[in-house]
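Counting from 1, one number per residue, gives the positions in the sequence shown under the UniProt record's numbering.
A short write-up of the structure that comes next.
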Amino acid sequence: METSFSSHPWLLIFITLSTVHAQLPGSWELLVSNAGVASMHTAVTRFNTVVLLDRTNIGPSRKMLPKGHCRYDRHDDVLKKDCYAHSVVFGLQTNEIRPLMILTDTWCSSGQFLPDGTLLQTGGDLDGFKKIRKFEPCEPDRFCDWVELKDVELINGRWYATNQILPDGTVIIVGGRGTNTVEYYPPRKTQNGAVELKFLAEVEDNQMDNLYPYVHLLPNSHLFIFANNKAVMYDHEDNKVIQEYPELLGGPRNYPSAGSSVMLALDGDFKTAVILICGGAEYGAFIERSTDTPAHGSCGRIIATDQNPVWEMEDMPFGRVMGDMVMLPTGDVLIINGAQSGTQGFEMGSNPCLNPVLYRPDQPIGLRFMTLNPGTVPRMYHSTANLLPDGRVLLAGSNPHYLYNFAAEFPTELRLEAFSPEYLSLDRANIRPIIEGIPETLRYGEAFDVFVTVPLPVVGVVEVNFGNAPFATHSFSQGQRLVKLTVTPSVPVDGRYRIKCTAPPNGAVAPPGYYMAFAVNQGVPSVARWVHLVP
């Protein structure tokens, strides 16, 4: 049987790229052929496990719950008695998959890790609209599962909202479909109800484009909130907008037209924060259900802490909608997943973007993007990307269908893959550091030592960088952050190198919680050690 490239144009793109992939940096590996669920939401825990979470009313998954753990779902058109898992935990060391039990619908929900390492998970659709859930992670050989809180619920139901941990360890929950408010967990005693955020209503258009707003905690303790094509600085203490930013040209950037966004690494005196927003769908593609409208390739970069900020524009090598942006331990940004045409929504994307791109923020404009080795698995709507403690990036999910569909051109995707950036190539193994000693707990501003070994002699400064574990969903990693610590040049001591470091100064620079601590030597990161940062 002949293959039709006209009906599968992405195959032709892949074949063409495959002829040159050996010349492009990065490598791919299949970790698990069947994770049981297509992960719509993904988070890495301090026990080196990964929580994968789909929605509940989706019919049968490919992972059964333990015997006797069925749930009854009146909202599921396919299964009223549901004995299938819609969340699992994946062990990075063992590649084992264990089912978890979710009781209410988590479709297009939000999440964030609390200071004690518990994953807070909020909202969803239908019976999950106002629910608050927690997952307290455990060692891979122990049992832990989702718990739905019964003594508290969201003030406003939230579907397509964004969570961000704050300097005091509380979490702000921003927006949602038809919900132009913010609220907090734990609820603020001084506040009666949710707080209106008129900005979200003002930027809503006739295809929404204000859902899953991009929320970044700035080092001045305020929030950068971006929706559609505009942004504000928000004072969460007084619940008011204190600054409006210029409009970002190039069309809508949030769901259902989403590109992605990151705050670049914080360093130096920690007073400057730079926001990057890339990609998105053409306005109207969602309304028209157009699968072939080219995605945007433009990026906007802005110094959010400047008194007179302006957007600096540049273009990616590819147009991309539904891409994910991952802060690497080096401070570079990996842009991965997504499509080159269409928009977010079921059956509404095409022309998968198989090539990751590396964004190097310290390079001059015009030289910041590097095209990387293409993958082979299309990951479009409802896919995720997360940094792992060993420096790889985990790719999960992709389900552009209302139910699981394995016969479509872009089928429901259960495979888990890892992408290894060029810094993990074999020719750099002799400069890869190993962390031999680091405190397990640190307080703000604390001076401490990190001890590393390196096969070859160290030349230059070895960085120590803290990266948190965000909650990845719908092309945005909620709470994602990288902080480059103040360090002194390493000194040889008894066969090791000692690096004197200073912990982040406060919770606005690095909110309390667990961080992956990486030593980075000449652009090559170590395997991370988990560190608990406390007030």
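Cβ coordinates follow ideal geometry from the N, Cα and C atoms, glycine included.
So, at 6 angstroms on beta carbons, what are the nonlocal neighbours of residue i in its own chain, with the 5 sequence-adjacent residues on each side left out?
i	result
G124	D105, T106, W107 and S109
T45	P137
A472	T42, T384 and N386
L149	I132
I155	E183, G193 and A194
E314	C299 and I365
G175	A161, L200 and P213
Q164	I172, V215, L217 and G479
In the structure shown, what three-state DSSP assignment does residue i receive?
i	result
F5	With a pLDDT of only 47 at F5, under the threshold of 50, the placement of this residue in the model should not be trusted, and no figure is reported.
D205	strand
K63	coil
E196	strand
W530	strand
G523	coil
I13	Reliability fails at I13, whose pLDDT of 48 lies under 50, so the model's placement of it is uncertain and the value that follows must be treated cautiously. Helix at I13.
V20	Residue placement at V20 is flagged as unreliable, the pLDDT there being 46, under the threshold of 50; the coordinate-derived value follows with that caveat. Coil, per DSSP.
L217	strand
Y359	strand
D449	strand
D427	helix
G175	coil
D269	coil
D82	strand
F518	strand
E422	helix
G128	helix
Following the continuous alpha helix (DSSP H) through residue i, name the residue where it begins and the one where it ends.
i	result
F286	A285 to E288
Look at the Cβ atom of residue i, then the Cβ atom of residue j, and state whether they are nearer than 8 angstroms.
i	j	result
I225	Y212	no
N254	Y214	yes
E446	A508	no
V182	A194	yes
T291	S350	yes
A418	L31	yes
G111	T118	no
G251	P329	no
H382	E440	no
A265	K500	no
V464	V493	no
Q344	S398	no
S260	M325	yes
Y404	P535	no
A35	L416	yes
Compare the Cα-Cα distances from residue i to each of the options and report the closest residue.
i	options	result
K130	D116, E196, Y160 and L334	Y160
M370	L223, S490 and R360	R360
M327	N351, V357 and K63	V357
H75	D205, F318, I58 and T122	I58
Q191	D238, G323, T272 and L249	D238
R55	T118, G68 and M40	M40
A408	I102, F286, H532 and E347	E347
R320	Y404, V461, A339 and T272	A339
A304	H216, G279, T122 and G250	H216
S341	R379, P329 and V493	R379
Q522	P433, Y402, R481 and M516	P433
G513	D494, T272 and L120	L120
V89	L65, L154 and I173	L65
H296	D306, D269, A273 and C353	C353
G375	L394, D362, I365 and P364	L394
T179	F199, L166, Q164 and G169	F199
D332	R98, P421 and N506	P421
L372	S260, L334 and H474	L334
G467	M263, N405, F448 and A38	M263
C83	R98, K67 and N95	K67
R481	V310, P167 and D77	P167
Grab the span of the beta strand (DSSP E) containing residue i for me, first residue to last.
i	result
E237	Counting along the chain, E237 falls outside any beta strand (DSSP E), and DSSP gives it neither H nor E.
G251	It is not in any beta strand (DSSP E) - G251 carries neither H nor E in the DSSP assignment.
F90	S87 to G91
Q164	T162 to I165
M263	S260 to M263
residue 549	As displayed, the chain neither begins before 1 nor continues past 535, which places residue 549 out of reach and without an answer.
Q340	A339 to G342
R301	H296 to I303
Near residue i, what residues of its chain come up, given a Cβ to Cβ distance below 8 angstroms and the 5 sequence neighbours on each side ignored?
i	result
E2	For E2, the predicted model reports a pLDDT of 42, less than 50, meaning its position is unreliable; a value from the coordinates is still stated below. Here the set comprises nothing.
I15	Confidence at I15 is low in this model, with a pLDDT of 47, below 50, so the placement of that residue should be treated as unreliable; the coordinate-derived value is given next. There are no such residues.
Near residue i, what residues of its chain come up, given a Cβ to Cβ distance below 7 angstroms and the 5 sequence neighbours on each side ignored?
i	result
E139	F47
A231	F224, I225 and Y245
L103	R71 and E148
residue 546	Nothing can be reported for residue 546, as the shown portion of the chain is limited to 1 through 535.
R496	E436, F451, V452 and T453
L92	N48, T49, V50 and L388
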